[in-house]
Amino acid sequence: MNSERLRDFRQAAYELLVQAKDATFELMDAVMTTPNASSLAEFSLNPLFKRQ
6 MNSERLRDFR
16 QAAYELLVQA
26 KDATFELMDA
36 VMTTPNASSL
46 AEFSLNPLFK
56 RQ
């Protein structure tokens with residue numbers, strides 16, 4: 006049930022975004038899963054952030 010709620014929340018949040026939805030969502034995932042990042046650039050090293 007929790008995974009269903011999370012999926013629904015993520016879908017609703019995605020629909021609220023206007024531009025660069027995929028890139029923004031990847032960055033949000035990277036921010037939430039990167040421990041101890043000391044700079045914004047470190048988030049780009051997270052495997053969840055696929056943009057170059």
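Yeah, the sequence shown ends on 57 if you go by my numbering, and it's all consecutive. Glycine included, C-beta positions come from ideal geometry on N, C-alpha and C.
CB-CB under 7 Å to F48, same chain, minus the five flanking residues each way: which ones, in chain order?
-> One-based indexing of the sequence shown puts residue 48 at position 43. Excluding sequence neighbours, F48 sits near L32, A35, V36, T39, A42 and F54.
Alpha-carbon to alpha-carbon, R15 and L45 = Translated into the one-based positions of the sequence shown, residue 45 becomes position 40. Translated into the one-based positions of the sequence shown, residue 15 becomes position 10. Straight-line Cα distance between these residues: approximately 22 Å.
Can you name, in chain order, every residue of its own chain whose Cβ lies under 8 Å from the Cβ of L22, other than the five neighbours on each side?
-> Locating residue 22 in the sequence shown gives position 17, where the first residue counts as 1. Within the same chain, L22 has close Cβ partners T29 and F30.
What is the residue span of the alpha helix (DSSP H) that S8 lies within?
-> As a position in the sequence shown, residue 8 is number 3, starting the count at 1. It spans N7 to L21 - the alpha helix (DSSP H) in which S8 sits, taken as one unbroken run.
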